[in-house]
Every structure is written in C-alpha cells, then in structure tokens.
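Asker: Reminder that position 9 of the sequence shown reads as 9 in full-length UniProt numbering, one-by-one numbering, no gaps. Where a beta carbon is used, it is the ideal one built from N, C-alpha and C, also for glycine. Following this message is one structure expressed as structure tokens.
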Amino acid sequence: MKKNLYTADATATGGRSGHVRSSDSVIDMPMSVPEGLGGEKGATNPEQLFAAGYAACFQQALIVIAGRENLKMDPASTVQCSVTLFQEGEGYGLSAVLDVDLKGVEPQKAIDMVNKAHQICPYSVGTRGNMEVELKVAGQPAAVSADNA
1 MKKNLYTADA
11 TATGGRSGHV
21 RSSDSVIDMP
31 MSVPEGLGGE
41 KGATNPEQLF
51 AAGYAACFQQ
61 ALIVIAGREN
71 LKMDPASTVQ
81 CSVTLFQEGE
91 GYGLSAVLDV
101 DLKGVEPQKA
111 IDMVNKAHQI
121 CPYSVGTRGN
131 MEVELKVAGQ
141 PAAVSADNA
C-alpha cells in the first residue's frame, strides 16, 4: 500500500534561463544554461539540482542500509553524483554516475551496501530503466547485481 510521505512543490519561469522557486521559498534562485554551453556564471541549472538531490538521497539510503546492518557510517563518507546532459538525435537525455566513498568500509562490503542502497533510493527507483546510472565505490566501477540493472 502506497503511503505518501512528502510532496515538494517548485515553480519555474523562463525555462533554463529563468528562475526557480520552491513553495516555501527555500529555493529561490536564477537558472541558466550551463556556463560551458553559453550560460551565465553564478547561476544554477537543472542538472546541478538533480545531482545534488540524487547525491543526498543516495547517501540517506546508505545510512538506512548501514542501520539495518548495525553499522555506523563514518560522517566523512561521501556520495558524489555527476549528471550529464546529452543529445541523441532530436531528443535530449540524462545519465548519472554515483561515486560512493564509505570511509572505513571494506571494498566488497561497500559494493554490497551501494547495491542495496540502489534498490531503495527513490531517485534510483525513479530512474531505473529510464536513464543510465553508473555506480562506483571509491572511484572504481561497482559490480551491479542483476536485480539492480
């Protein structure tokens, strides 16, 4: 049974060169095409916002997995997310790379935890089958289990 936990609301005006504001005004900022594509320096873009959200959400999923396994995650552990905007034919798409550094966790255990987090993270669930997501542990490709593909 689905149980709604939270709904975020944001409004954009002007597209990639406009403005975005959340309903509570915590996010209230100008948007721009990425600087490397001719946009303004100092403004964010949808890919940066998506990368930030995915990284934070995935790290929370790792914290949940660690708790289930009676492990305490080192606070210095990180999730770095790179989101790439690409063009394919007439359409556009996104891909993501998640690079997880679980300080003090043995590499094979870290891979296992990353795979488990990939199963429960709402961003991973939402993107599965819709965009390519590559998982890495400390910069090295993580073997993705068959049920995570």
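Here's the rule I'm using: 16 or more other beta-carbon atoms within 10 Å means buried, otherwise exposed. How should Val26 be labelled?
Answerer: Numbered from 1 along the sequence shown, position 26 holds the residue referred to as residue 26. When all chains shown are included, Val26 counts as exposed.
Asker: What are the uninterrupted segments assigned as alpha helix (DSSP H) that are 4 or more residues long and contained completely in the region 85-113, given in chain order?
Answerer: Complete alpha helix (DSSP H) runs here, min 4: none at all.
Asker: Alpha carbon to alpha carbon, what distance is there between Glu40 and Met73?
Answerer: What you label residue 73 is simply residue 73 of the sequence shown in a count that begins at 1. What you label residue 40 is simply residue 40 of the sequence shown in a count that begins at 1. About 38 angstroms.
Asker: Just to confirm my understanding: we take Thr78, look at its own chain, exclude 5 residues before and 5 after, and list those with CB closer than 7 angstroms. What are they?
Answerer: Working through the sequence shown from its first residue, we reach residue 78 at position 78. Only Asp101 meet the Cβ criterion.
Asker: I need the straight-line Cα distance from Glu106 to Leu135, nearest angstrom please.
Answerer: By one-based count along the sequence shown, residue 106 stands at place 106. By one-based count along the sequence shown, residue 135 stands at place 135. Taking the straight line from one Cα to the other gives about 16 angstroms.
Asker: Taking 6 angstroms as the limit between beta carbons, can you name the residues of its chain near Asp9, skipping five residues before and five after?
Answerer: Stepping through the sequence shown from its first residue, residue 9 is reached at position 9. Excluding sequence neighbours, Asp9 sits near Ser23.
Asker: For Ala55, does the three-state DSSP call read helix, strand or coil?
Answerer: Start at 1 with the first residue of the sequence shown, and residue 55 comes out as number 55. Helix at Ala55.
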